[in-house]
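Participant:
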Amino acid sequence: MQGLQIKHLSVKIGENTILDDLNLTVPRGEIHAVMGPNGTGKSTLSYSIMGHPRYEPASGDILLNGESILDLSVDERANAGLFLALQNPVAIPGVTVANFLRTALNAKAKKRDPEAKPIAIPAFRRMLKEKMAALKIDASFAARYVNDGFSGGEKKRLEVLQMAVLEPEIAILDEIDSGLDIDALRIVSEGVNSLVRETGMGVLVITHYQRLLNEIRPDQVHIMMDKRIVRSGGPELALALEERGYDWVREEAVAEG
Ligand SMILES: Nc1ncnc2c1ncn2[C@@H]1O[C@H](COP(=O)(O)OP(=O)(O)OP(=O)(O)O)[C@@H](O)[C@H]1O
Ligand SMILES: [Mg+2]
Numbered sequence: 002m003q004g005l006q007i008k009h010l011s012v013k014i015g016e017n018t019i020l021d022d023l024n025l026t027v028p029r030g031e032i033h034a035v036m037g038p039n040g041t042g043k044s045t046l047s048y049s050i051m052g053h054p055r056y057e058p059a060s061g062d063i064l065l066n067g068e069s070i071l072d073l074s075v076d077e078r079a080n081a082g083l084f085l086a087l088q089n090p091v092a093i094p095g096v097t098v099a100n101f102l103r104t105a106l107n108a109k110a111k112k113r114d115p116e117a118k119p120i121a122i123p124a125f126r127r128m129l130k131e132k133m134a135a136l137k138i139d140a141s142f143a144a145r146y147v148n149d150g151f152s153g154g155e156k157k158r159l160e161v162l163q164m165a166v167l168e169p170e171i172a173i174l175d176e177i178d179s180g181l182d183i184d185a186l187r188i189v190s191e192g193v194n195s196l197v198r199e200t201g202m203g204v205l206v207i208t209h210y211q212r213l214l215n216e217i218r219p220d221q222v223h224i225m226m227d228k229r230i231v232r233s234g235g236p237e238l239a240l241a242l243e244e245r246g247y248d249w250v251r252e253e254a255v256a257e258g
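In my numbering, each residue carries its 1-based index in the sequence shown increased by 1.
1) Determine the contact status of V75 and G52, defining contact as a CB-CB distance below 7 Å.
2) Kindly indicate which three-state DSSP category P54 falls into: helix, strand or coil?
3) With C-beta atoms as the reference, is K8 less than 7 Å away from G61?
4) Write down every uninterrupted run of the beta strand (DSSP E) in the region 174 to 234 whose length is 3 residues or greater and which is fully enclosed by it, in chain order.
5) Using only the alpha-carbon positions, how far apart do K157 and D139 sit?
6) Closer than 6 Å: is that where the CB of I14 sits relative to any heavy atom of ligand 1?
7) Applying the criterion that 16 or more other CB atoms from any shown protein chain within 10 Å of the CB defines a buried residue, is I14 buried or exposed?
8) Between the Cα of G30 and those of M2, T41, G37, spot the shortest distance and give me the residue it belongs to.
9) If you drop the 5 nearest sequence neighbours on each side, which residues of the same chain put their C-beta closer than 6 Å to that of K111?
10) Would the C-beta of K132 count as close to ligand 2, meaning under 6 Å from any of its heavy atoms?
11) If you reduce the DSSP assignment to three classes, tell me which class F101 lands in.
12) Can you check DSSP and say which residues form a bridge with S60?
13) Tell me, which residues are paired with N17 by DSSP?
14) Could you check how far apart the C-beta atoms of S47 and P58 are, in whole angstroms? I think they sit under 8 Å.
15) Could you name the residues of the same chain whose beta carbon sits closer than 8 Å to that of G154, not counting the 5 residues immediately before and after it, in chain order?
16) Give the DSSP-derived three-state secondary structure of V91 in the structure shown.
17) Can you name the residues that DSSP bridges to M36?
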């Protein structure tokens, strides 16, 4: 299968089980949303997909395009086409946005083809300028240090710019909507939607708010609760959560055992 498959994934930190027998599939070309209460393990899920050493699976498997990625490092997973937009991106003082993106792009190209030549700087600049214009990011951004003194919204826009430059197979967006104003939310969402359309990327969006899903239109919505996915459905599931909260889901899950 082309896309991301998570099979019976359990993750422990010390004695604590954080994810418990979690199953989820995100095919290429589709947008899947995960919603769930605070502390239910959504960010943990994104870290363990990306290969963060602290969130190594205790059991289960994670597959990209049909092959297990558990033995791959974070870098290798990124080069294989996984991309994670962090809930709280880190600053890299001294490294400009342009250099950061160019280095990442070249590393990825080299991984695909060891003979690949680095992209010429003028060609890269043109490409970056186009992508920044599409995301309505000010041109001055390229010369700033990565996330250094960025506002919350600027950090999120940089995550999406990075995604637009790298064109991953599967992107995981952890609370990309937090801190974005209404206009930025729309621009970022349009950016994600057009990448899905144009590149066939698959997306896993983690969010607390249904309103994001009016902009980034999911094929499926999954509710995560008590360390696993407890319910999946169409976009109407997000509307039901907005109206009724999570208690009814928990009650139904308990009733079903
Ligand atoms: N490194 C860690 N050490 C100890 N506990 C952790 C660690 N990382 C996560 N946890 C715990 O795992 C649980 C799930 O956390 P996680 O950040 O995945 O939740 P979340 O669903 O993303 O929450 P939110 O909606 O608030 O972002 C929490 O109880 C958290 O305290
Ligand atoms: Mg989180």
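Even for Gly, the Cβ is constructed at its ideal location relative to N, Cα and C.
Quick caveat, the model's predicted, so the values are computed rather than measured.
Facilitator: The structure says:
1) Working through the sequence shown from its first residue, we reach residue 75 at position 74. Working through the sequence shown from its first residue, we reach residue 52 at position 51. In this structure, G52 lies closer than 7 Å to V75 by Cβ.
2) To locate residue 54, count along the sequence shown from 1; it is residue 53. Residue state for P54 is assigned as helix, using DSSP reduced to three classes.
3) Numbered from its first residue, the sequence shown carries residue 8 at position 7. Numbered from its first residue, the sequence shown carries residue 61 at position 60. Closer than 7 Å, so yes.
4) Complete beta strand (DSSP E) runs here, min 3: 203 to 207, 221 to 226, 229 to 234.
5) Along the sequence shown, read from residue 1 onward, the residue named residue 157 stands at position 156. Along the sequence shown, read from residue 1 onward, the residue named residue 139 stands at position 138. Answer to the nearest angstrom: the Cα atoms are 14 Å apart.
6) Against the sequence shown, residue 14 aligns to sequence position 13. Yes, Cβ of I14 sits closer than 6 Å to a heavy atom of ligand 1.
7) Taking the first residue of the sequence shown as 1, we reach residue 14 at position 13. Exposed.
8) For the purposes of this step, residue 30 is identified with residue 29 of the sequence shown, where counting begins at 1. Nearest of M2, T41, G37 to G30, Cα basis: M2.
9) Reading the sequence shown from its first residue, position 110 is the one you call residue 111. So the list reads A117, once near-sequence residues are dropped.
10) The count along the sequence shown starts at 1 and reaches residue 132 at position 131. In this structure, ligand 2 has no non-hydrogen atom nearer than 6 Å to the beta-carbon of K132.
11) Reading the sequence shown from its first residue, position 100 is the one you call residue 101. The answer is helix: DSSP assigns F101 an H, G or I state.
12) Locating residue 60 in the sequence shown gives position 59, counting from the first residue. Per DSSP, S11.
13) Counting from one through the sequence shown, the residue named residue 17 turns up at place 16. N17 pairs with I14.
14) Counting from one through the sequence shown, the residue named residue 47 turns up at place 46. Counting from one through the sequence shown, the residue named residue 58 turns up at place 57. With a contact defined as Cβ atoms closer than 8 Å, S47 and P58 miss out at about 13 Å.
15) Here residue 154 corresponds to residue number 153 of the sequence shown, with the count starting at 1. If we look at G154 and ignore the five residues flanking it on each side, its Cβ neighbours are G180, L181, D182, A185.
16) Within the sequence shown, residue 91 is the residue found at index 90, counting from 1. Assignment of V91 by DSSP, reduced to helix, strand and coil, places it in the coil class.
17) What you label residue 36 is simply residue 35 of the sequence shown in a count that begins at 1. Note: M36 is bridge-paired with I224 in the DSSP secondary-structure output.
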